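Notes follow once the structure below has been shown.
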Amino acid sequence: MKIRQSLLFATAALALTTAGMQPSFADTADKRIALSNNYAGNSWRQAMLNSWGKNADQAVKDGVVAAGDAFTTAENQATEQAAQIQNLILQGYDAIVINAASPTALNGAVKEACDAGIVVVSFDGVVTEPCAWRIAVNFKKMGEIQVDYLSGRLPDGGDLLEIRGLAGVFVDDEIHSGIEAGVANHDKFKIAGSVHGEWTQTVAQKAVAGILPSMPEIVAVVTQGGDGYGAAQAFAAAGRPTPIIIMGNRHDELTWWKEQKDANGYETMSVSIAPGVSTLAFWVAQQILDGQDVPKDLIVPFLQIDQADLEDGLANTEPGGVSNVEYSLDDAKAYLESVN
Amino acid sequence: MNGLRFFASARFWRGALPALSLTFVLVGVFWLQPRAMSYFGLNLLFNLAVPIALATIAQMFVIAVNDLDLSIGSFVSLVACIGATWLRDTPLLGIAALLGCVAVYAALGALIYIRQLPSIVVTLGMSFVWSGCAVLLLPTPGGSAPDWIRTLVSYKPSYVPMPLLAAVALGLVVHFGLMRTSWGVLMRGVGGNEKAITRAGWSVLKLKMVMYALTAVFGILAGLTLVGLATSADANIALRYTLLSIAGVILGGGEFVGGRISPVGAVLGAMTLTLTASFLSFLRISPDWQIGAQGAVLIIVLALRAIVNRLEARR
Chain A
3 MKIRQSLLFA
13 TAALALTTAG
23 MQPSFADTAD
33 KRIALSNNYA
43 GNSWRQAMLN
53 SWGKNADQAV
63 KDGVVAAGDA
73 FTTAENQATE
83 QAAQIQNLIL
93 QGYDAIVINA
103 ASPTALNGAV
113 KEACDAGIVV
123 VSFDGVVTEP
133 CAWRIAVNFK
143 KMGEIQVDYL
153 SGRLPDGGDL
163 LEIRGLAGVF
173 VDDEIHSGIE
183 AGVANHDKFK
193 IAGSVHGEWT
203 QTVAQKAVAG
213 ILPSMPEIVA
223 VVTQGGDGYG
233 AAQAFAAAGR
243 PTPIIIMGNR
253 HDELTWWKEQ
263 KDANGYETMS
273 VSIAPGVSTL
283 AFWVAQQILD
293 GQDVPKDLIV
303 PFLQIDQADL
313 EDGLANTEPG
323 GVSNVEYSLD
333 DAKAYLESVN
Chain B
35 MNGLRFFASA
45 RFWRGALPAL
55 SLTFVLVGVF
65 WLQPRAMSYF
75 GLNLLFNLAV
85 PIALATIAQM
95 FVIAVNDLDL
105 SIGSFVSLVA
115 CIGATWLRDT
125 PLLGIAALLG
135 CVAVYAALGA
145 LIYIRQLPSI
155 VVTLGMSFVW
165 SGCAVLLLPT
175 PGGSAPDWIR
185 TLVSYKPSYV
195 PMPLLAAVAL
205 GLVVHFGLMR
215 TSWGVLMRGV
225 GGNEKAITRA
235 GWSVLKLKMV
245 MYALTAVFGI
255 LAGLTLVGLA
265 TSADANIALR
275 YTLLSIAGVI
285 LGGGEFVGGR
295 ISPVGAVLGA
305 MTLTLTASFL
315 SFLRISPDWQ
325 IGAQGAVLII
335 VLALRAIVNR
345 LEARR
């Protein structure tokens, strides 16, 4: 008890000194935010952690918060992340931002954090525990808007080729159901075939090359991101006309699109989630700590690149990476106002 | 004089090593994070260690008869899924399913013994069966733990945190059963010298079936505790437990062969493993190094054990 009291005292004293030293524009200057992340093994996650790190360092430097540390579990397992969250509770963080390994298996640990008075914000991989905030990605919508776009471009409809992700994964299921819903809305389209591209260009290229000989004329390819460039290569290798291929904001995809656009005026669109959504989660947590009223369920806006913004999009994408948008405190406030 | 010699003996050090490792890591955690030194802190540090300790004990029963269970992680996941679905909605069906699991485990013990199959192969195969059943039962993560399990695992006794009480009780009960009763001697004997047991007129088949059934019972306890703590299930919730449980048994002073096991040590080993992970994260070691660091801890403890064993052999 004594230790806890003196700790409290120490944090209070620290808060006083920091508040005295620089003009803090929020009452969160003494608050500490942690990121609990379950996986760091692909370019999207790396970009996400990078965005978080840059943003949190700046926020600490500006005196908006006292800490913004990122923790990644050694293995992508729910039990491990639950233990990690419990450790973060012990370390006395005021808010924990989570990209969860499982939507449900962390609920116990999340509840414990809430009971300890900690603000929990989950994003991308969200948790179902009601006391936590959720910044979810509407993957279903991401599938639907692809077909909506195609419907505008191709009034006569036709046969589509669908490239799916990894079988049995939640994201793949959701995007696929969105595409199905889109096709149901626009019944001039028909899905002639579907392959699993595993969100990887090389796998997608092989899979598409394998199914193409048995396909009728394909007017467009609906995708999940990370597979558009491979599909384009497969169509070129088979000597077939290039259909409208929806892209997924990867650097190689945008580069290919730009080349085609310059060569023959090729038109398409590209859609994915910006890894910088971690910075949105950071600011949402900060705003909640600041006492703002934030709805529990938020939806992340997509990052959609249209024909007109291709050059800008390409410029904002690192080679080998994914197009990114990072949120500042003002962006996050504007976003929250728009949903409130 | 006699007492002194005991303290210098290899046997003493062998038994004390797991307790010493745990104390060592615990002191480290308290030093890094004084907040952990409270009722609330100990509860958080150890509550996820309880299902791991139960799974470790389950694994220990199999290791006691010189076998290895590579399916315990997926089995615990399946139990968690049953717990979050059938056991809540249709308790009778749930209980029947869990009893069925025990029967399957006993049958596996019989199969492995009668056909003289390598347990690693059989249980590795079974791990896919359990995983498949779990996915069929709960295709997307969800379900919710029955209220009575929730109440049981979140019970907060005064003075001593529940996880510590549970760990002590678990260690003592299994220790008494396996190390202090004649049945226990028989069961360990299957691992120690199967032929001697057969010659003495006991059925090794039955003993193996009992040991495998006990594995299932403790695996079920682990799964139900886990689902109680997590509040809902996921078909992949406990895959880590397979390796953790084996490491826990070995860390706690058990051997892969010879029926040499230590129930108290196994519980301590499981707690040490859980605590090591917390310790490393309090140290803020980058996740890329954490698995390596965890492995290093294991190697250090095993190296110390090897020294103790060598001392033993010299006598």
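So the sequence lines, in the order shown, correspond to chains A and B.
Start counting at 1 in the first sequence, then tack on 2, and there's your number in this note's numbering.
Start counting at 1 in the second sequence, then tack on 34, and there's your number in this note's numbering.
Every residue, glycine too, gets a C-beta built ideally from N, C-alpha and C.
Fair warning: this is a prediction, and the values are worked out from it, not measured in the lab.
Nonlocal neighbours in the same chain, by C-beta distance under 7 Å from I98 (chain A), ignoring five residues either side
Looking up residue 98 (chain A) in the first sequence gives position 96. Excluding residues within five positions, the ones whose Cβ falls inside 7 Å are A36, S38, I87, L90, A115, I120, V122.
Give me the chain A residues within the contact set of S105 (chain B), using Cβ-Cβ distance strictly less than 8 Å, ordered along the chain.
The sequence position of residue 105 (chain B) within the second sequence is 71, counting from 1. Result: empty, since nearest Cβ-Cβ is about 17 Å, beyond 8 Å.
Cα separation between D175 (chain A) and I295 (chain B)?
Sequence index remark: in the first sequence, residue 175 (chain A) carries index 173 (1-based). Sequence index remark: in the second sequence, residue 295 (chain B) carries index 261 (1-based). Rounded to the nearest angstrom, the two C-alpha atoms are 46 Å apart.
Taking buried to mean at least 16 other C-beta atoms within 10 Å of its own C-beta, is A8 (chain B) buried or exposed?
Given a span of 35 to 349 for chain B in the structure shown, any question on residue 8 (chain B) remains unanswerable.
Quick one: residues in its chain with C-beta nearer than 6 Å to the C-beta of Q235 (chain A), no 5 flanking neighbours on either side, listed in chain order?
What you label residue 235 (chain A) is simply residue 233 of the first sequence in a count that begins at 1. If we look at Q235 (chain A) and ignore the five residues flanking it on each side, its Cβ neighbours are Q207.
Who are the neighbours of P146 (chain A) on chain B, taking C-beta pairs under 7 Å?
Here residue 146 (chain A) refers to the residue found at position 144 of the first sequence. At residue 146 (chain A) the sequence reads Glu, which differs from the Pro that was named. By Cβ distance, chain B contributes nothing, its closest Cβ being about 20 Å from E146 (chain A), past 7 Å.
Can you find the residues in the same chain that come closer than 6 Å, C-beta to C-beta, to A134 (chain A), ignoring five residues on each side of it along the sequence?
Mapped onto the first sequence, residue 134 (chain A) falls at position 132. Closer than 6 Å at the Cβ level, and outside the excluded window around A134 (chain A), lie V112, V122, S124.
Any beta carbon of chain A sitting closer than 9 Å to that of L132 (chain B)?
As a working mapping, residue 132 (chain B) is identified with position 98 in the second sequence. So no, L132 (chain B) is outside the interface.
Cβ-Cβ separation, G145 (chain A) to G195 (chain A) (assumed contact under 8 Å), whole Å
Locating residue 195 (chain A) in the first sequence gives position 193, counting from the first residue. Locating residue 145 (chain A) in the first sequence gives position 143, counting from the first residue. Taking the Cβ atoms as the reference, G195 (chain A) lies roughly 16 Å from G145 (chain A), outside the contact range of under 8 Å.
Reference E82 (chain A), options B:A83, B:P197, B:W164, B:A140, closest by Cα
As a working note, residue 82 (chain A) is residue 80 in the first sequence. Per the Cα distances, B:A83.
Could you check whether A304 (chain B) and G329 (chain B) sit closer than 9 Å to each other, using their CB atoms as the reference points?
Position 295 of the second sequence, counting from 1, holds the residue named residue 329 (chain B). Position 270 of the second sequence, counting from 1, holds the residue named residue 304 (chain B). Cβ atoms of G329 (chain B) and A304 (chain B): not closer than 9 Å.
Against Q67 (chain B), what residues of chain A qualify as contacts under a CB-to-CB distance less than 7 Å, listed in chain order?
The count along the second sequence starts at 1 and reaches residue 67 (chain B) at position 33. Chain A residues near Q67 (chain B): L92, Q93.
Could you please give me the residues that DSSP links to N101 (chain A) through a beta bridge?
Within the first sequence, residue 101 (chain A) is the residue found at index 99, counting from 1. Its beta-bridge partners are A:N39.
Among A:A72, A:S53, A:N78, A:D29, which has the Cα closest to the Cα of G65 (chain A)?
In the first sequence, the residue the question calls residue 65 (chain A) occupies position 63. The shortest Cα separation from G65 (chain A) among A:A72, A:S53, A:N78, A:D29 belongs to A:D29.
In this structure, how does DSSP classify F125 (chain A) when only helix, strand and coil are distinguished?
Indexing the first sequence from 1 puts residue 125 (chain A) at position 123. Looking at F125 (chain A) - three-state DSSP - the assignment turns out to be strand.
Might you give, ordered along the chain, the residues of its own chain that have their beta carbon closer than 8 Å to the beta carbon of H188 (chain A), omitting 5 neighbours on each side?
Walking along the first sequence from the start, residue 188 (chain A) turns up at place 186. These residues qualify, in order along the chain: V149, D150, L152, S153, G159.
Taking N109 (chain A) as the query, report the chain B residues whose CB atoms sit under 7 Å from its CB, ordered along the chain.
Position 107 of the first sequence, counting from 1, holds the residue named residue 109 (chain A). Under the 7 Å cutoff, chain B gives A264, T265, S266.
What residues in the region 70–85 of chain A bring their beta carbon closer than 9 Å to a beta carbon of chain B?
D71, F73, T74, T75, A76, E77, Q79, A80, T81, E82, A84, A85
Any C-beta of chain B sitting closer than 9 Å to the C-beta of K335 (chain A)?
In the first sequence, residue 335 (chain A) corresponds to position 333, counting from 1. Output row for K335 (chain A): interface = no.
Taking CB distances under 9 Å as the criterion, tell me whether D322 (chain B) reaches chain A.
As a first step, residue 322 (chain B) is located in the second sequence; it is residue number 288 there, counting from the start. It does; some Cβ of chain A falls within 9 Å.
Determine the contact status of G235 (chain B) and G293 (chain B), defining contact as a CB-CB distance below 9 Å.
What you label residue 235 (chain B) is simply residue 201 of the second sequence in a count that begins at 1. What you label residue 293 (chain B) is simply residue 259 of the second sequence in a count that begins at 1. It is not a contact, given that the beta carbons lie outside the stated cut-off.
Taking 8 Å as the cut-off, is the C-beta of H178 (chain A) nearer than that to any heavy atom in the ligand FAD?
No copy of the ligand FAD occurs in the structure displayed, which carries no ligand at all.
Would you mind reading off the limits of the beta strand (DSSP E) that contains H198 (chain A)?
Translated into positions along the first sequence, residue 198 (chain A) becomes position 196. First-last of the beta strand (DSSP E) with H198 (chain A): 191–198.
If you drop the 5 nearest sequence neighbours on each side, which residues of the same chain put their C-beta closer than 7 Å to that of L54 (chain B)?
Along the second sequence, one-based indexing puts residue 54 (chain B) at 20. No residues qualify anywhere along the chain.
Between A107 (chain A) and A80 (chain A), how many whole angstroms is the CB-CB distance? I'm expecting something under 8 Å.
Numbered from 1 along the first sequence, position 105 holds the residue referred to as residue 107 (chain A). Numbered from 1 along the first sequence, position 78 holds the residue referred to as residue 80 (chain A). Right, the Cβ-Cβ distance comes to about 4 Å (below 8 Å), so this counts as a contact.
Where R48 (chain B) falls, given that 16 or more other Cβ within 10 Å makes a residue buried
Along the second sequence, one-based indexing puts residue 48 (chain B) at 14. R48 (chain B) is buried by the Cβ-count criterion.
Any C-beta of chain A under 9 Å from that of S315 (chain B)
What you label residue 315 (chain B) is simply residue 281 of the second sequence in a count that begins at 1. Chain A contact via Cβ: present.
Can a CB atom of chain B be found closer than 9 Å to the CB of Q88 (chain A)?
Position 86 of the first sequence, counting from 1, holds the residue named residue 88 (chain A). True, the Cβ-Cβ gap to chain B drops below 9 Å.
Would you say N81 (chain B) faces chain A, with C-beta separation under 9 Å as the test?
Working through the second sequence from its first residue, we reach residue 81 (chain B) at position 47. Judged by the 9 Å Cβ criterion, N81 (chain B) is in contact with chain A.
Does A134 (chain A) get closer than 9 Å to chain E when you measure Cβ to Cβ?
Among the chains of the structure shown, chain E does not appear; the protein chains present are A and B.
Does the separation of the CB atoms of P345 (chain A) and V223 (chain A) fall below 9 Å?
Residue 345 (chain A) lies beyond the stretch modelled for chain A, which goes from 3 to 342, so this question has no answer here.
Let me know the secondary structure DSSP gives W120 (chain B) once reduced to three states.
One-based indexing of the second sequence puts residue 120 (chain B) at position 86. It is helical.
If we count the other Cβ atoms within 10 Å of its Cβ and call it buried at 16 or more, is F162 (chain B) buried or exposed?
Residue 162 (chain B) sits at position 128 when you count from the first residue of the second sequence. Looking at its Cβ environment, which holds fewer than 16 other Cβ atoms inside 10 Å, F162 (chain B) is exposed.
Starting from A72 (chain A), trace the beta strand (DSSP E) in both directions and tell me its first and last residue.
Here residue 72 (chain A) refers to the residue found at position 70 when the first sequence is read from its first residue. Per DSSP, A72 (chain A) belongs to the beta strand (DSSP E) from 69–74.
Got a sec? Which residues, its chain only, sit under 8 Å from N78 (chain A) by beta carbon, not counting five neighbours each side?
Start at 1 with the first residue of the first sequence, and residue 78 (chain A) comes out as number 76. For N78 (chain A), same chain residues with a beta-carbon under 8 Å away, outside a window of 5 residues either side, are N40, Y41, G43, A103 in chain order.
So, helix, strand or coil for L305 (chain A), using DSSP?
Stepping through the first sequence from its first residue, residue 305 (chain A) is reached at position 303. Looking at L305 (chain A) - three-state DSSP - the assignment turns out to be strand.
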